[in-house]
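Asker: Please read through the structure below; I'll follow up with questions.
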Amino acid sequence: PLTVIDTYPGGAPTSSTFEPSPPWACGPNGPGQFRCDNGGISLPPGASTPIVVKAVMPANYRPDTVENCAEVRGIPGEVDLANNKACATERIRHPNGGQPGLRITKTCGGDQLVGAGMVSCRITVSNAGTAAPTGPVRVSDAATLVSSGAPVQVQTVTPDGADWACGSVPANTLSCQIPGAVMTPGTSRHFDVT
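In my numbering, the protein residues as written are 1172 to 1365.
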């Protein structure tokens, strides 16, 4: 007979299943630990038998990896116990593990604001979150004269890359969008308007 103790050193899973069953009979053996017994097995020298472990970690489990260790109990006559334990680390894919944190700024050239000339502005979108947005990021830009409230037409738009798709100019309101997938955490993208 063989007994395997399976542990999760970094934290207990919500559930853990083992295959094939039978011949393995597995169940909880303490916090973050499971015991699997196979009473009818006889392994000749050089032979092996698999146990497949599937774990579901708690929703609030934040590390990106989970470690799982298995240790087979020594059997009568076994002289080398040093190789009876092995650990594996697996990366966890968090489907909802992060949230985008989009921020937008608009800065315009200060010395250009005097008189009736053109004003150049830069619109920057940055992601201070922990994940990219799942859909496109859309930005609308419109300006009005402070004195009269009349709309000011956007005459030109210059994106910082081909990922941007912007509406035609001149226009009273300009709309631009960029795929959310390119707005990974820490990314900043911009377009300039006059």
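Note that beta-carbon positions come from the ideal geometry of N, C-alpha and C, so glycine has one too.
Just list the residues that DSSP pairs Ala1196 with in beta bridges.
Answerer: Asp1208
Asker: Drop a sphere of 10 angstroms on the beta-carbon of Pro1304, count the other beta-carbons inside from all chains shown, and report buried for 16 or more, exposed for fewer.
Answerer: buried
Asker: Along the chain, where does the beta strand (DSSP E) containing Ala1259 start, and where does it finish?
Answerer: Lys1256 to Arg1262
Asker: Which same chain residues end up closer than 7 Å to Glu1190 when comparing Cβ atoms and leaving out the 5 residues on each side of it in sequence?
Answerer: Val1223
Asker: Just how far apart, CA to CA, sit Thr1315 and Val1237?
Answerer: 54 Å
Asker: So is Cys1258 buried or exposed if we call it buried at 16+ other beta carbons inside 10 Å?
Answerer: exposed
Asker: In the structure shown, what three-state DSSP assignment does Val1290 receive?
Answerer: coil
Asker: Can you name the start and end residues of the beta strand (DSSP E) that Glu1242 belongs to?
Answerer: Per DSSP, the continuous beta strand (DSSP E) segment holding Glu1242 begins and ends at Thr1236 to Val1243.
Asker: Straight-line CA distance for Pro1234 to Pro1350?
Answerer: 28 Å
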